[in-house]
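Residue numbers (this note's numbering): 14 to 164.
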């Protein structure tokens, strides 16, 4: 519940988490009815924040959810959940498409532009006055992905 509490209580975001909001739903049983329910929840969401945990790759849903949300809304972020601050986040194949949520020096959550995006819009050695990260609350609640202005 730690991340859920940070997002809802500390940042004041409205969050749908299936195992909290719909505990009776059988997530192991993928059905058209379950998919319709999840899709309806996503239709009413401004952003999708994928919590990349040690067991996330076992989800039967996540590839479909990421693909649907990316195509429909385009604002997907990845929040790595590691065991300790000493564990490096290695990411996963296609998750490199999405910005990663990080903790800044002031212990605040921020969403940063991906290195690939920054390489595409900048030239080595040139100084830019661009914001390359945004507070998570701003990113999550904005009607348009603030990072899209860099594209």
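Every residue gets a Cβ at the ideal spot worked out from N, C-alpha and C, and that includes glycine.
So the beta strand (DSSP E) residue i belongs to, where does it begin and stop?
i: residue 146; result: 146-148
i: residue 43; result: Neither: residue 43 is in no beta strand (DSSP E) and is coded neither H nor E.
i: residue 108; result: Residue 108 -> no beta strand (DSSP E), and no H or E assigned at all.
i: residue 91; result: 89-93
i: residue 28; result: Unbroken run through residue 28: none, as it is neither H nor E.
i: residue 123; result: 122-125
i: residue 65; result: 61-65
Taking 6 Å as the limit between beta carbons, can you name the residues of its chain near residue i, skipping five residues before and five after?
i: residue 66; result: 94
i: residue 153; result: 26, 60
i: residue 62; result: 90, 92
i: residue 73; result: 43
i: residue 108; result: 91
Quick check: the Cα distance between residue i and residue j, rounded to an integer number of angstroms?
i: residue 68; j: residue 75; result: 11 Å
i: residue 87; j: residue 114; result: 16 Å
i: residue 32; j: residue 17; result: 11 Å
i: residue 35; j: residue 118; result: 36 Å
i: residue 84; j: residue 120; result: 32 Å
i: residue 147; j: residue 50; result: 31 Å
i: residue 37; j: residue 20; result: 23 Å
i: residue 53; j: residue 145; result: 32 Å
i: residue 155; j: residue 47; result: 28 Å
i: residue 151; j: residue 157; result: 10 Å
Using beta-carbon positions only, say whether residue i and residue j come within less than 8 Å of one another.
i: residue 70; j: residue 105; result: yes
i: residue 22; j: residue 55; result: no
i: residue 137; j: residue 125; result: no
i: residue 24; j: residue 149; result: yes
Could you tell me the boundaries of the alpha helix (DSSP H) in which residue i lies?
i: residue 80; result: 75-85
i: residue 33; result: 31-34
i: residue 15; result: 15-18
Once the 5 residues before and after residue i are set aside, which same chain residues still bring their CB inside 7 Å of it?
i: residue 82; result: 55, 61, 89
i: residue 28; result: 17, 20, 21
i: residue 58; result: 29
Return the chain-ordered list of same chain residues with a C-beta closer than 8 Å to the C-beta of residue i, the five sequence neighbours on each side being excluded.
i: residue 30; result: 17
Can you give the beta carbon distance from residue i to residue j, rounded, assuming they're within the 8 Å contact cut?
i: residue 116; j: residue 122; result: 6 Å
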